[in-house]
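Peer 1:
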Amino acid sequence: MAVKNTTDLLNEQLGKKGTVEVFTTAAQTSKDFYAVHFVNDSVITNCTITGATNDSNLDGKTIPAGTVIFAPFTAIDLTSGLAIGYNN
34 MAVKNTTDLL NEQLGKKGTV EVFTTAAQTS KDFYAVHFVN DSVITNCTIT GATNDSNLDG
94 KTIPAGTVIF APFTAIDLTS GLAIGYNN
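Just so we're on the same page, my numbering is the position in the sequence shown counted from 1, plus 33.
1) Since I believe F106 is in contact with T81 (beta carbons under 8 Å), could you give me their beta-carbon distance rounded to a whole number of angstroms?
2) Does DSSP classify L91 as helix, strand or coil?
3) Pull up the CB-CB distance for D65 and N121, whole angstroms please, since I reckon it's below 8 Å.
4) Just to confirm, is the Cβ distance from V53 to G118 under 8 Å?
5) Tell me, which residues are paired with S63 by DSSP?
6) Can you tell me whether DSSP reads T112 as helix, strand or coil?
7) What's the call for Q61, buried or exposed, on a 16-neighbour Cβ count within 10 Å?
8) If we ignore side chains and look at the alpha-carbon of each, how far apart do L43 and T112 end up?
Next comes the structure, spelled out in structure tokens:
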């Protein structure tokens, strides 16, 4: 993975790099999200984070509205809530 410059990092933070996907309870699979922003209180059914140990610890957890998790998500499924996935 190449080192990103300041402009690339800023564009990612502003959602101007790649695309974004707004989702509710439809399973998000085969994704390449670098971050997920939870717009409403959301409950994670299950998720897969590349390189994470014990990512299953998030399963069944309520994530408060406004929380952003910066991690390489390849899959996420919500029981309830609304989130935005930021694609690489």
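All C-beta atoms in this analysis are idealised placements derived from N, C-alpha and C, irrespective of residue type, glycine included.
In this text the structure is predicted, and so the values were computed from the model without any measurement.
Peer 2: This is what the structure holds:
1) Along the sequence shown, one-based indexing puts residue 81 at 48. Along the sequence shown, one-based indexing puts residue 106 at 73. For T81 against F106, the beta-carbon gap comes to about 7 Å, under 8 Å, which counts as contact.
2) Reading the sequence shown from its first residue, position 58 is the one you call residue 91. Three-state DSSP puts L91 in a helix.
3) Stepping through the sequence shown from its first residue, residue 65 is reached at position 32. Stepping through the sequence shown from its first residue, residue 121 is reached at position 88. Right, the Cβ-Cβ distance comes to about 5 Å (below 8 Å), so this counts as a contact.
4) The residue labelled residue 53 in the question sits at position 20 within the sequence shown. The residue labelled residue 118 in the question sits at position 85 within the sequence shown. Judged by beta-carbon spacing, G118 lies within the 8 Å limit of V53, meaning their Cβ atoms are closer than that value.
5) Translated into the one-based positions of the sequence shown, residue 63 becomes position 30. As computed with DSSP, S63 is found in no beta bridge at all.
6) As a first step, residue 112 is located in the sequence shown; it is residue number 79 there, counting from the start. Correct three-state label for T112: strand.
7) Walking along the sequence shown from the start, residue 61 turns up at place 28. Q61 counts as buried, since at least 16 other C-beta atoms from the protein chains shown sit within 10 angstroms of its C-beta.
8) The residue you call residue 43 lines up with position 10 of the sequence shown. The residue you call residue 112 lines up with position 79 of the sequence shown. Separation of L43 and T112 (C-alpha to C-alpha, rounded to the nearest whole angstrom) is 31 Å.
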